[in-house]
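Chains A and B, in that order, give the protein sequences. Numbers given in our numbering equal positions in the first sequence, counted from 1, plus 3. Numbers given in our numbering equal positions in the second sequence, counted from 1, plus 3. Structure record follows, encoded as structure tokens.
Number of protein chains: 2
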Amino acid sequence: MVFHYPNGKKFVASNKMSNTKNNKNVNVINYSNRGMTLEEALNDTNAYYLANNIAVIHKKPTPVQIVDVHYPKRSAAVIKEAYFKQASTTDYNGVYRGKYIDFEAKETKNTTSFPLQNFHAHQIQHMEQVLMQNGLAFVILSFSSNNEIFIMKAQQIITFWNRMLDGGRKSITKKEVELTSHKIPLGFQPRIDYLKIVDHWI
Amino acid sequence: MVFHYPNGKKFVASNKMSNTKNNKNVNVINYSNRGMTLEEALNDTNAYYLANNIAVIHKKPTPVQIVDVHYPKRSAAVIKEAYFKQASTTDYNGVYRGKYIDFEAKETKNTTSFPLQNFHAHQIQHMEQVLMQNGLAFVILSFSSNNEIFIMKAQQIITFWNRMLDGGRKSITKKEVELTSHKIPLGFQPRIDYLKIVDHWI
Numbered sequence: 004m005v006f007h008y009p010n011g012k013k014f015v016a017s018n019k020m021s022n023t024k025n026n027k028n029v030n031v032i033n034y035s036n037r038g039m040t041l042e043e044a045l046n047d048t049n050a051y052y053l054a055n056n057i058a059v060i061h062k063k064p065t066p067v068q069i070v071d072v073h074y075p076k077r078s079a080a081v082i083k084e085a086y087f088k089q090a091s092t093t094d095y096n097g098v099y100r101g102k103y104i105d106f107e108a109k110e111t112k113n114t115t116s117f118p119l120q121n122f123h124a125h126q127i128q129h130m131e132q133v134l135m136q137n138g139l140a141f142v143i144l145s146f147s148s149n150n151e152i153f154i155m156k157a158q159q160i161i162t163f164w165n166r167m168l169d170g171g172r173k174s175i176t177k178k179e180v181e182l183t184s185h186k187i188p189l190g191f192q193p194r195i196d197y198l199k200i201v202d203h204w205i
Numbered sequence: 004m005v006f007h008y009p010n011g012k013k014f015v016a017s018n019k020m021s022n023t024k025n026n027k028n029v030n031v032i033n034y035s036n037r038g039m040t041l042e043e044a045l046n047d048t049n050a051y052y053l054a055n056n057i058a059v060i061h062k063k064p065t066p067v068q069i070v071d072v073h074y075p076k077r078s079a080a081v082i083k084e085a086y087f088k089q090a091s092t093t094d095y096n097g098v099y100r101g102k103y104i105d106f107e108a109k110e111t112k113n114t115t116s117f118p119l120q121n122f123h124a125h126q127i128q129h130m131e132q133v134l135m136q137n138g139l140a141f142v143i144l145s146f147s148s149n150n151e152i153f154i155m156k157a158q159q160i161i162t163f164w165n166r167m168l169d170g171g172r173k174s175i176t177k178k179e180v181e182l183t184s185h186k187i188p189l190g191f192q193p194r195i196d197y198l199k200i201v202d203h204w205i
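Here's what the structure looks like:
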């Protein structure tokens, strides 16, 4: 079973209930030679960082508005009615070598550009707030069809975002991504070693 | 309506659906002269910090395991079956003046001691991991009956936790809290100005 947000985006359950392989809405990128989603590959990476005392970075839970809960006898409370809420921040944050780390990860099937509609205005605003507090914010952009993942500083995505607000293009061309970001080599352990790039920034 | 976790702890909905005033399970402390919960007062405080560019600190969403979602036509997706999950980290984190901030907030109705059962082993472990990455971790302890709130460094609560693991007492006496923590003065704006104490640590 595959869940979708009201906006049509896929909800990826953390326990992998869904068989994503045969679903058209799901981008399967070869993060791990076994059809991991970007979120799974990043969770794997963060688990590796944690287990090896490299960094403490977690994905935030999906925000849910709970309306009704039942309490069956002798078993766990069951949420019977709840709704997806818009997140007010990015999905991932934590600490690495004393630095506050904050990022959002998005993927596209496009091969020639990355649509900015993948981001929400409040996420961009959150990254601006983090930068003001001297935190380290960035985005991870996955071109799933090309099997390429890039890391782009928040300052840079904010520039592209503002260009759009000023009437410019609603996406970042692949060429622009290549010029303004670092490509993250895909590995086995960790899968997406983004901190190797972050090392150059701190 | 008041929700409870399987362990009997209250679930405090963020939109204040529940009228908590007349419920025995709820500690009503005078954080604001209008019966705010500790969580509400902290969310208020963090909103003040954010609005005034002082810090970017958010409470993480309650982790929920989603099992079944319905998609009614022309309305939002409804989660029809879900369960509360154990959080793997503390509830609050963010960035303040370049420093990674991480904390958990708990309250007790006791007047003479603070029970350590308010914390989970994985939360203590998470704070240890944060300290190893040179982040700033602490706990906010509220004695709701006395209307007193303290901030205690993670290093200190870990010491009390280990004393318990070594067969020592399962709580921290009020006297010990006073000796090892800072009392946070309650205010109007912000309600619980914990960063004023954190200032002395960074």
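Even for Gly, the Cβ is constructed at its ideal location relative to N, Cα and C.
Buried or exposed (CB count within 10 angstroms, at least 16 for buried), residue i
{"i": "residue 188(A)", "result": "exposed"}
{"i": "residue 105(A)", "result": "buried"}
{"i": "residue 146(A)", "result": "buried"}
{"i": "residue 44(A)", "result": "buried"}
{"i": "residue 204(A)", "result": "exposed"}
{"i": "residue 24(A)", "result": "Only weak support is given to the placement of residue 24(A): the predicted model assigns it a pLDDT of 40, under 50, and the value that follows is read from those uncertain coordinates. Classification for residue 24(A): exposed."}
{"i": "residue 191(B)", "result": "exposed"}
Residue i in three-state terms, based on DSSP
{"i": "residue 96(A)", "result": "strand"}
{"i": "residue 109(A)", "result": "strand"}
{"i": "residue 83(B)", "result": "strand"}
{"i": "residue 103(A)", "result": "strand"}
{"i": "residue 162(B)", "result": "helix"}
{"i": "residue 135(A)", "result": "helix"}
{"i": "residue 26(B)", "result": "Here the model assigns residue 26(B) a pLDDT of 42, short of 50, so the residue's position is not dependable and the matter cannot be decided."}
{"i": "residue 179(B)", "result": "helix"}
{"i": "residue 4(A)", "result": "Because the pLDDT of residue 4(A) is 48, which lies under 50, any placement of that residue in the model is unreliable, and the question is left without a value."}
{"i": "residue 71(A)", "result": "strand"}
{"i": "residue 199(A)", "result": "helix"}
{"i": "residue 61(A)", "result": "strand"}
{"i": "residue 152(A)", "result": "strand"}
{"i": "residue 140(B)", "result": "strand"}
{"i": "residue 185(B)", "result": "strand"}
{"i": "residue 31(A)", "result": "Because residue 31(A) sits at a pLDDT of 47, beneath the cut-off of 50, its placement in the model cannot be relied upon, and the point is left open."}
Own chain, CB closer than 7 Å to residue i, minus 5 neighbours either side, in chain order
{"i": "residue 66(B)", "result": "88, 90"}
{"i": "residue 52(B)", "result": "58, 60, 193, 198"}
{"i": "residue 151(B)", "result": "186"}
{"i": "residue 97(B)", "result": "58, 59, 60, 61, 104"}
{"i": "residue 56(A)", "result": "none"}
{"i": "residue 50(B)", "result": "none"}
{"i": "residue 202(B)", "result": "none"}
{"i": "residue 161(A)", "result": "127, 130, 131"}
Residues near residue i in its chain [Cβ-Cβ closer than 8 Å; skip 5 each side]
{"i": "residue 48(A)", "result": "193, 194, 195, 196, 197"}
{"i": "residue 170(B)", "result": "none"}
{"i": "residue 115(A)", "result": "176, 177"}
{"i": "residue 200(A)", "result": "154, 185, 187"}
{"i": "residue 166(A)", "result": "172"}
Cβ separation of residue i and residue j, assumed to be a contact under 8 Å, to the nearest whole Å
{"i": "residue 110(A)", "j": "residue 41(A)", "result": "5 Å"}
{"i": "residue 80(A)", "j": "residue 74(A)", "result": "5 Å"}
{"i": "residue 62(B)", "j": "residue 95(B)", "result": "5 Å"}
{"i": "residue 144(B)", "j": "residue 180(B)", "result": "6 Å"}
{"i": "residue 100(A)", "j": "residue 46(B)", "result": "Not confirmed; about 29 Å, so no contact."}
{"i": "residue 78(A)", "j": "residue 112(A)", "result": "The Cβ separation is near 41 Å, so there is no contact."}
Cβ shell of residue i (< 6 Å), same chain only, five flanking positions each side left out
{"i": "residue 130(B)", "result": "140, 157"}
{"i": "residue 82(A)", "result": "69, 72"}
{"i": "residue 107(B)", "result": "93, 94, 126, 142"}
{"i": "residue 159(B)", "result": "183"}
{"i": "residue 153(A)", "result": "144, 180, 184, 186"}
{"i": "residue 163(B)", "result": "175"}
{"i": "residue 84(B)", "result": "70, 71"}
{"i": "residue 39(A)", "result": "none"}
Contact set between residue i and chain D, taken where Cβ atoms lie within less than 9 Å
{"i": "residue 136(B)", "result": "Protein chains in the displayed structure are A and B, and chain D is not among them."}
> Does the stretch 113-121 of chain A come close enough to the stretch 168-180 of chain A to have 3 or more Cβ pairs within less than 8 Å?
Replying inline: yes
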